[in-house]
Structures are given as structure tokens and as C-alpha cells.
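Participant: Protein chains in written order, with this note's numbering: chain A, 1 to 307; chain B, 308 to 590. Glycine residues also receive a C-beta, built at the ideal position from the N, C-alpha and C atoms. Below are the C-alpha cells for one structure; questions will follow.
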Amino acid sequence: MIRDRISYPGRRLFADRFSRKFLHVFVILSGLILILMLGALYYQSIPVLQSQSLFSLLFSQGWHPSRGQFGFLPFIVGSLWVTCVAMAIAMPVCLLTSIYLVEYSSKTLRDWISPFIDILAGIPSVVYGIWGILIIVPFIKNYLAPLFGVSCSGYSVLAGGMVLAIMIFPVIIHISMEILKTVPNELRDASLALGATKWQTVKNVVMRRAMPGIVAAMVLGLSRAFGESIAVLMVVGNLARIPKSLFDPAYPLPALIANNYGEMFSIPQYDSALLFASLLLLLVVLYFNIVSRMVLSGIKWSNYYYA
Amino acid sequence: MHKHAIEEIVFKILMMVSTLLIISVLFLILGTIVFKGLPYLSWSMVTQAPQSGYYLGKGGGILNSILGSLYLTGGATILALIISLPITLYFNVYAKKGSRLVYLIRFAFDVLWGIPSIVYGAFGFMLMLFFGMKASLLAGIITVAFLILPIMTRSMDEVIRMVPPPLLEASYALGATRLETALKVVIRQALPGISTAVLIAFGRGIGDAASLIFTAGFTDSIPTSLFQPVATLPLTIFFQFSSPLAEVQGRAYAAALILTILILGISIVSRFLTQRFARNIVR
């Protein structure tokens with residue numbers, strides 16, 4: 001631009017050029033946050049990585065911090081269990097709701113319901129946790145477990161999964177709705193004009209077109225569920241054993257980190273092990289996020305409030 | 308009836324059921340918190356700091372954690388705003404169209420958005436140790452600022468992106484530099500959106516507990532300096548709830564009610580602000 005080439009050393013131009021350089025550096029620095037996080041967490045996990053091989057950290061079961069034994073398998077499996085249960089509940093419910101709101105419901109109804117989904121997104125995780133203990137845990141203990149003929153305290157994989165599912169509803173629904181709205185109306189019209197019913201159009205045309213985005217939305221929800229700590233920690237029972245059924249207690253990774261901040265420094269290497277757990281969590285979530293964001297960035301949509 | 312028609316009806320019913328399910332879950336949650344918390348809510352709870360023996364059911368309130376939460380989240384929001392506003396201005400005013408750097412940094416913030424708050428907590432904790440700080444208001448502010456930075460940056464970015472390009476061109480045509488255009492035209496135009504973004508970030512920050520477990524500490528008094536530990540509402544709820552005493556548990560419900568009201572209030576105010584400020588915008 002011509003303004004850049006004016007060599008008159010006015011204060012305004014100097015300020016402009018200085019701010020440009022400064023902001024350039026500033027923006028590059030902001031991008032380093034992620035790298036800084038990864039580096040710092042890795043640096044802190046070196047002690048535990050040196051004392052035990054990565055394989056035995058990830059795939060052994062013994063969790064005896066006082067003896068210097070850190071086997072993360074029960075926690076990893078616990079995390080997988082609650083996340084899978086949450087996804088099994090959230091996927092169909094969210095998909096059906098977002099299709100209903102975008103394709104079937106009237107605009108008035110959609111405008112009425114959307115703020116409620118926003119509110120659900122705003123509720124803090126402690127409140128979800130308390131609600132889980134008050135409603136979900138007794139429900140499982142008194143109704144669901146006897147139904148399957150097992151006795152259960154209620155604090156279980158299932159409770160964790162149910163609370164998590166509700167927490168990720170808003171994220172998945174919001175993105176899925178945005179994705180469904182990007183499907184051009186011409187496609188719907190063409191399908192309807194060929195004599196397809198509304199449902200056939202949704203199933204074979206709209207869904208096919210929206211599928212990558214919806215899968216990405218699900219993956220984002222999944223990674224949210226995988227990393228949630230406080231609410232899960234309150235309802236899941238926190239027992240460092242590999243759960244065998246939905247009614248067993250589990251101890252997911254984030255809960256482990258959040259629960260042991262107190263005794264972290266009283267046992268050698270414990271802090272390093274917990275930060276290794278954070279690194280593990282970060283890597284998994286990072287992977288899911290990068291993949292789904294790459295899919296989503298190919299689709300024009302607005303992620304103004306969430307995700 | 309035709310097979311297709313039956314399938315459509317079945318799925319339509321399923322869709323309505325799942326929509327209804329989500330709405331009723333929301334009301335069930337809000338209902339439970341109001342129902343459980345209201346009986347324990349009292350004036351002294353929001354006007355007094357805990358007295359000795361508060362966690363054994365004696366008198367006092369949770370003013371320390373209400374103020375603690377407001378101080379901490381307020382500080383973090385200001386810090387995050389100071390960092391994210393220049394970044395978004397660079398994205399939308401300074402950078403060339405289709406800049407690789409902008410694409411990359413936007414992507415990085417999208418990814419940062421998805422990182423769980425417990426990881427931010429661990430990161431803040433390491434920073435705290437690195438700089439030789441103790442668990443304090445300042446450490447909490449820095450951690451929460453990191454947590455809400457991506458939310459604020461990306462939602463602000465989305466609104467500043469909406470500023471019509473002719474407005475910028477008009478400003479350049481009058482001889483204004485990019486800095487002047489950014490500060491005097493773009494910010495003013497995007498103000499309602501910026502305030503909404505700030506409030507969204509504030510709401511997210513005030514409800515978060517996991518990032519503060521390591522960094523903010525816990526105390527019964529109201530902090531008077533940045534280097535003192537601070538109690539926050541989510542953690543107060545969490546700790547009180549673990550108590551076996553019914554009275555103390557009841558206060559956890561009441562505190563949860565206060566936090567929920569605070570967050571709902573923020574979201575209502577942000578909606579109101581958006582509408583109110585929107586009058587001064589050039590469309």
C-alpha cells in the first residue's frame with residue numbers, strides 16, 4: 001500500500017507501523033501457548049517416564065504411588081468407559097433433536113428452544129455434579145440396578161456417563177444444527193421434487209451431505225466428555241480398578257488429577273505422575289480436536305457461542 | 308399404511324421425545340437446585356464471611372467465595388481482554404486477506420478452546436511453581452485467563468469479522484491509519500459483540516472449578532491482596548458438599564443456587580446488552 005511507503009516520520013505513521021510490528025510478534029507468541037503447554041507438561045513428566053517405561057505406565061494395573069508404582073490402565077479404561085456411555089446416550093438424542101429443530105419444527109418453536117439449550121451449556125460442572133448425586137445416583141441405586149438384578153451404590157460408570165451425556169448435549173446440538181443449516185435448500189427441493197418424502201430427504205440427502213460435520217460435532221462432544229473432571233468425579237465412585245460392568249465404580253483420568261492435588265508433594269514422583277496424566281489427557285483431546293476442527297473448517301459455519 | 312409413512316412417523320415421534328427429554332432435563336436440573344437450595348438461602352449467607360466452625364454448621368455465610376469468585380473472574384476477564392483484543396484486531400484489520408499466520412492462529416485457538424479445564428489447572432500450577440508463587444488470587448487469575456482466552460478471542464473474532472469492509476475503506480480513504488481505524492472505527496462498531504464475548508467468557512470462568520483446585524487455594528477470609536489465597540463459589544460448593552453434616556450440605560445447595568442465578572443473570576444481561584448496543588451500529 002502507498003501509505004507504507006511514505007517516509008515522512010510522522011507520529012501517526014510511526015504508531016501505525018510500530019503497532020503492526022508489535023501485534024505481529026504478539027500474535028505469533030499467542031500461538032505458542034499450545035506448544036508451551038505441551039512442553040511444560042512433558043518436561044514435568046520426565047521423572048516418572050525415566051523410572052518406568054511408557055508401556056508399563058500405560059498398560060499396567062498397579063497403582064501404588066507410595067511404592068513408586070504408577071499403572072494408569074485402570075484410569076484410562078475408566079475414562080474410556082464413561083466417555084463411551086456418554087456418547088451412546090448423547091449421539092442418538094442429539095442427532096434426533098438437531099434434525100427435529102432444523103428440519104421439522106417451526107421457526108417459532110426453534111427460537112423458543114434454542115435459549116434453553118444455551119442455558120444448559122452455561123450451567124457449571126459442580127452444579128451438574130450435585131444434581132447427579134441428588135437425582136441420577138439414587139435413580140440408579142433404587143430403580144435401574146434392581147431392574148437388572150444387581151446391587152449398586154449408584155456411584156458408577158453409568159452415573160458418570162449419564163451426567164456427561166447431559167453436559168455435552170448443548171455442544172453437539174449447537175454445532176450439528178449449524179451444520180444442518182448449511183445444507184443448501186436446493187438439495188432438499190430437488191429430492192422432494194423427485195417424490196421423496198420428507199424423512200427420505202432428510203435421511204438420504206440432508207444427512208449424507210451433513211455427515212462429516214456431524215461426525216466432527218460428535219467428536220468434539222466426545223473430547224469434551226473425555227476431559228471433564230469435577231462433575232464426573234462427584235458421581236463415578238473413584239475406585240482405581242478396571243470396571244467390569246456399567247454398575248461398577250470407575251476412576252477416570254481427569255478425576256484422578258483433580259482428586260489428588262492434596263497429597264501430590266508428600267509422595268515422590270507423584271506430582272510427576274499426575275502431570276503425566278494431564279499430558280496424556282491433553283494429547284488425546286488435542287488429537288480429537290485437531291481432527292474435528294479440520295473437518296469443520298472446511299464447512300462454512302459460525303461457532304459464535306460454543307464448541 | 309405405507310412402510311415409508313410408518314418409518315417417518317416413528318422417527319418423528321423419536322425426535323419429539325428426545326427434544327422433550329433435553330428440555331425436561333434442563334428443568335429438572337434447575338428445579339432440583341431451586342427446590343434444594345431455597346430453604347437454606349438466607350440473607351446472612353450472602354452478606355457474611357464464614358465464622359469459626361462454619362463448616363461444622365455454625366453461623367456465617369459465603370460472602371468470601373462470592374467476592375472471591377467475582378474478583379478472580381473479573382481479573383481474569385480483564386487480563387484475557389487485554390490479550391485477546393489486539394489479537395483479534397490484528398486478525399481483522401492488520402493481516403492480509405488469506406494470511407497463513409491468521410489461519411494457523413485461529414486454528415490454534417479453536418483447538419485451545421477444547422482443552423479441558425483440569426489441564427489448564429495443571430498448566431497454571433506449573434507456571435505458578437516456575438515463578439515461585441504460592442496458590443493465590445493472582446495465580447488463579449492467570450490460570451482462568453488462559454482458560455477463557457480462546458473463548459473470548461474466537462467469539463470476539465467472529466463479531467469483528469462481521470464489521471462491513473466498506474466502513475474500514477471509508478476510514479482509510481479519510482487518511483486514517485490502520486491503528487486509528489482499529490481503535491476508533493472497528494472497536495466502536497463491534498462493541499456490542501465484544502461485550503457479549505466478554506460476558507460469555509466471564510460466565511465460563513466463574514463456573515469453573517477444575518482449573519482452580521491447584522492454583523487459587525482456599526480461605527475463609529476475603530482476599531485483600533493479589534498474593535493471598537482465595538475461595539471461589541464452585542470450590543466452596545464442592546467442599547461443603549463433601550461434608551457429612553446435613554446443614555453444611557444444605558449450604559452447598561444454596562451456594563449452587565447462588566452460582567446458577569449469577570450465571571443465568573450474566574447470560575440475560577449479555578442478551579440485553581446486545582440488543583441495546585445494537586442501536587448504534589452501522590449496518
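State the DSSP-derived secondary structure class of GLN355 (chain B), mapped to helix, strand or coil.
Facilitator: Here residue 355 (chain B) refers to the residue found at position 48 when the second sequence is read from its first residue. GLN355 (chain B) falls in the coil class under three-state DSSP.
Participant: Any idea what DSSP makes of GLN69 (chain A), helix, strand or coil?
Facilitator: For the purposes of this step, residue 69 (chain A) is identified with residue 69 of the first sequence, where counting begins at 1. Strand.
Participant: Who pairs with TRP63 (chain A) in a beta bridge, going by DSSP?
Facilitator: Here residue 63 (chain A) refers to the residue found at position 63 when the first sequence is read from its first residue. TRP63 (chain A) is bridged to A:PHE70.
Participant: For GLY431 (chain B), return the contacting residues in chain A, with the cut-off set at a CB-CB distance below 7 Å.
Facilitator: One-based indexing of the second sequence puts residue 431 (chain B) at position 124. In chain order: nothing, as chain A lies at least about 10 Å away.
Participant: In three-state DSSP terms, what is GLY78 (chain A)?
Facilitator: In the first sequence, the residue the question calls residue 78 (chain A) occupies position 78. It is helical.
Participant: For chain A, is any of its Cβ atoms less than 9 Å away from the one on ARG558 (chain B)?
Facilitator: Taking the first residue of the second sequence as position 1, residue 558 (chain B) is located at position 251. False, the Cβ-Cβ gap to chain A never drops below 9 Å.
Participant: At 8 Å on the CB atoms, spell out the chain A contacts of ARG485 (chain B), in chain order.
Facilitator: Walking along the second sequence from the start, residue 485 (chain B) turns up at place 178. Chain A residues near ARG485 (chain B): ASP16, SER19, ARG20.
Participant: Buried or exposed: which applies to VAL219 (chain A), given that a residue is buried once 16 or more other Cβ atoms fall within 10 Å of its Cβ?
Facilitator: Within the first sequence, the letter at position 219 stands for residue 219 (chain A). Classification of VAL219 (chain A): buried, given that the 10 Å Cβ count is 16 or more.
Participant: Under the assumption that PRO254 (chain A) contacts GLY227 (chain A) (Cβ atoms under 8 Å), give the Cβ distance between them as a whole number of angstroms.
Facilitator: Here residue 254 (chain A) refers to the residue found at position 254 of the first sequence. Here residue 227 (chain A) refers to the residue found at position 227 of the first sequence. Correct: roughly 6 Å between the Cβ atoms.
Participant: Can you tell me whether DSSP reads MET323 (chain B) as helix, strand or coil?
Facilitator: For the purposes of this step, residue 323 (chain B) is taken as residue 16 along the second sequence, with counting starting at 1. Helix at MET323 (chain B).
Participant: What residues in the segment 332-346 of chain B have a beta carbon less than 9 Å from any beta carbon of chain A?
Facilitator: Cβ contacts with chain A: VAL332, LEU333, PHE334, LEU335, ILE336, LEU337, THR339, ILE340, LYS343.
Participant: Leaving out the 5 sequence neighbours to the left and right, which residues in its chain are closer than 7 Å to SER79 (chain A) when beta-carbon positions are compared?
Facilitator: Your numbering for residue 79 (chain A) matches position 79 in the first sequence. Result list for SER79 (chain A): PHE226, PRO252, LEU253, in chain order.
Participant: Counting contacts by CB-CB distance shorter than 9 Å, is ALA307 (chain A) in contact with chain B?
Facilitator: Within the first sequence, numbered from 1, the residue matching residue 307 (chain A) stands at position 307. At ALA307 (chain A) the pLDDT is 38, less than 50, meaning the model places this residue with poor confidence and gives no usable figure here.
Participant: What is the rounded straight-line gap between the Cα of LYS198 (chain A) and the Cα of GLU315 (chain B)?
Facilitator: As a working mapping, residue 198 (chain A) is identified with position 198 in the first sequence. As a working mapping, residue 315 (chain B) is identified with position 8 in the second sequence. Looking at the two C-alpha atoms, the distance is approximately 8 Å.
Participant: Would you check if the distance between the CB atom of THR484 (chain B) and the CB atom of ALA159 (chain A) is smaller than 9 Å?
Facilitator: Residue 484 (chain B) sits at position 177 when you count from the first residue of the second sequence. Residue 159 (chain A) sits at position 159 when you count from the first residue of the first sequence. Contact: no.
Participant: Taking only the alpha-carbon atoms, compute the straight-line gap between ILE520 (chain B) and ALA477 (chain B) and give it to the nearest angstrom.
Facilitator: Stepping through the second sequence from its first residue, residue 520 (chain B) is reached at position 213. Stepping through the second sequence from its first residue, residue 477 (chain B) is reached at position 170. Each residue's Cα considered, the two are about 50 Å apart.
Participant: Quick check: is the beta carbon of LEU454 (chain B) nearer than 9 Å to any beta carbon in chain A?
Facilitator: Position 147 of the second sequence, counted from the start, is the residue given in the question as residue 454 (chain B). LEU454 (chain B) has a beta carbon lying at 9 Å or more from every beta carbon in chain A.
Participant: For the segment 112-127 of chain A, which residues have a beta carbon sitting closer than 9 Å to at least one beta carbon of chain B?
Facilitator: With the criterion set as a beta carbon lying under 9 Å from some beta carbon of chain B, the members of the segment 112-127 of chain A are ILE113, PRO115, PHE116, ILE117, ASP118, ILE119, LEU120, GLY122, ILE123, PRO124, SER125, VAL126, VAL127, in sequence order.
Participant: Mark GLN37 (chain A) as exposed unless 16 or more other C-beta atoms lie within 10 angstroms of its C-beta, in which case mark it buried.
Facilitator: Sequence index remark: in the first sequence, residue 37 (chain A) carries index 37 (1-based). Gln is not the amino acid found at residue 37 (chain A); the sequence shown has Met there. Counting Cβ neighbours within 10 Å, MET37 (chain A) comes out buried, since at least 16 surround it.
Participant: Determine, using beta carbons only, whether VAL522 (chain B) and ALA452 (chain B) come nearer to each other than 9 Å.
Facilitator: Numbered from its first residue, the second sequence carries residue 522 (chain B) at position 215. Numbered from its first residue, the second sequence carries residue 452 (chain B) at position 145. It is Thr, not Val, that sits at residue 522 (chain B) in the sequence shown. Going by C-beta atoms, THR522 (chain B) is not nearer than 9 Å to ALA452 (chain B).
Participant: At least one CB of chain B closer than 9 Å to the CB of ASN289 (chain A): is that the case?
Facilitator: Stepping through the first sequence from its first residue, residue 289 (chain A) is reached at position 289. Yes, because at least one Cβ of chain B sits closer than 9 Å to the Cβ of ASN289 (chain A).
Participant: Is the shortest distance between the beta-carbon of SER278 (chain A) and the beta-carbons of chain B less than 9 Å?
Facilitator: In the first sequence, counting from the first residue as 1, residue 278 (chain A) sits at position 278. It does: the Cβ of SER278 (chain A) has a partner Cβ on chain B nearer than 9 Å.
Participant: For GLN61 (chain A), is the classification buried or exposed, using 16 other Cβ atoms within 10 angstroms of its Cβ as the cut-off for buried?
Facilitator: Position 61 of the first sequence, counted from the start, is the residue given in the question as residue 61 (chain A). It counts as exposed.
Participant: Classify TYR304 (chain A) as helix, strand or coil using the three-state DSSP reduction.
Facilitator: On the first sequence, position 304 is the one that residue 304 (chain A) refers to. At TYR304 (chain A), the pLDDT of 42 sits below 50, so the modelled position is not reliable; the number obtained from the coordinates is stated separately. Look at TYR304 (chain A) here: in three-state DSSP terms it is coil, with no helix or strand label.
Participant: What did DSSP end up calling GLY368 (chain B) once you bin it into helix, strand or coil?
Facilitator: Residue 368 (chain B) sits at position 61 when you count from the first residue of the second sequence. GLY368 (chain B) falls in the coil class under three-state DSSP.
Participant: Please work out which residues of its chain come closer than 7 Å, Cβ to Cβ, to ILE348 (chain B), disregarding the five sequence neighbours upstream and downstream, and give them in chain order.
Facilitator: Residue numbering aside, residue 348 (chain B) sits at position 41 when the second sequence is read from its first letter. It is Leu, not Ile, that sits at residue 348 (chain B) in the sequence shown. If we look at LEU348 (chain B) and ignore the five residues flanking it on each side, its Cβ neighbours are ALA561, LEU564.
Participant: Take LEU444 (chain B) as the anchor and find which of B:VAL537, B:ALA508, B:GLY510 has the nearest alpha-carbon.
Facilitator: Within the second sequence, residue 444 (chain B) is the residue found at index 137, counting from 1. Of the candidates B:VAL537, B:ALA508, B:GLY510, the one whose C-alpha sits nearest the C-alpha of LEU444 (chain B) is B:VAL537.
Participant: Taking the alpha helix (DSSP H) that THR197 (chain A) belongs to, which residues open and close that run?
Facilitator: As a position in the first sequence, residue 197 (chain A) is number 197, starting the count at 1. Unbroken run through THR197 (chain A): none, as it is neither H nor E.
Participant: Check each residue of the segment 543-572 of chain B: if its Cβ is closer than 8 Å to any Cβ of chain A, include it; give the result in chain order.
Facilitator: Taking 8 Å as the Cβ-Cβ cut-off, the segment 543-572 of chain B approaches chain A at ILE544, PHE545, PHE548, ALA559, TYR560, ALA563, LEU566, THR567, ILE570, LEU571, given in chain order.
Participant: With 16 other CB atoms within 10 Å as the buried threshold, where does TYR410 (chain B) fall?
Facilitator: Here residue 410 (chain B) corresponds to residue number 103 of the second sequence, with the count starting at 1. The residue in question, TYR410 (chain B), is exposed, as its Cβ has fewer than 16 Cβ neighbours within 10 Å.
Participant: Between the C-alpha atoms of TRP112 (chain A) and SER106 (chain A), what's the straight-line distance to the nearest angstrom?
Facilitator: The residue you call residue 112 (chain A) lines up with position 112 of the first sequence. The residue you call residue 106 (chain A) lines up with position 106 of the first sequence. Rounded to whole angstroms, TRP112 (chain A) to SER106 (chain A) spans 10 Å at the Cα level.
Participant: For the segment 412-437 of chain B, which residues have a CB atom closer than 7 Å to at least one CB atom of chain A, in sequence order?
Facilitator: ILE412, PHE414, ALA415, ASP417, VAL418, LEU419, TRP420, GLY421, ILE422, PRO423, ILE425, VAL426, ALA429, PHE430, MET433
Participant: When you compare only the Cα positions, how much space is there between ARG110 (chain A) and GLY154 (chain A)?
Facilitator: As a working mapping, residue 110 (chain A) is identified with position 110 in the first sequence. As a working mapping, residue 154 (chain A) is identified with position 154 in the first sequence. Cα to Cα, ARG110 (chain A) sits roughly 35 Å from GLY154 (chain A).
Participant: Using a beta-carbon distance below 9 Å, is ASP527 (chain B) in contact with chain A?
Facilitator: By one-based count along the second sequence, residue 527 (chain B) stands at place 220. So, not an interface residue.
Participant: Would you kindly work out how many angstroms separate the C-alpha atoms of SER391 (chain B) and LEU434 (chain B), rounded to a whole number?
Facilitator: If you number the second sequence from 1, residue 391 (chain B) lands on position 84. If you number the second sequence from 1, residue 434 (chain B) lands on position 127. Straight-line Cα distance between these residues: approximately 20 Å.
Participant: What in chain B is Cβ-close to LYS198 (chain A), meaning under 8 Å?
Facilitator: Position 198 of the first sequence, counted from the start, is the residue given in the question as residue 198 (chain A). Those are GLU315, listed as they occur along chain B.
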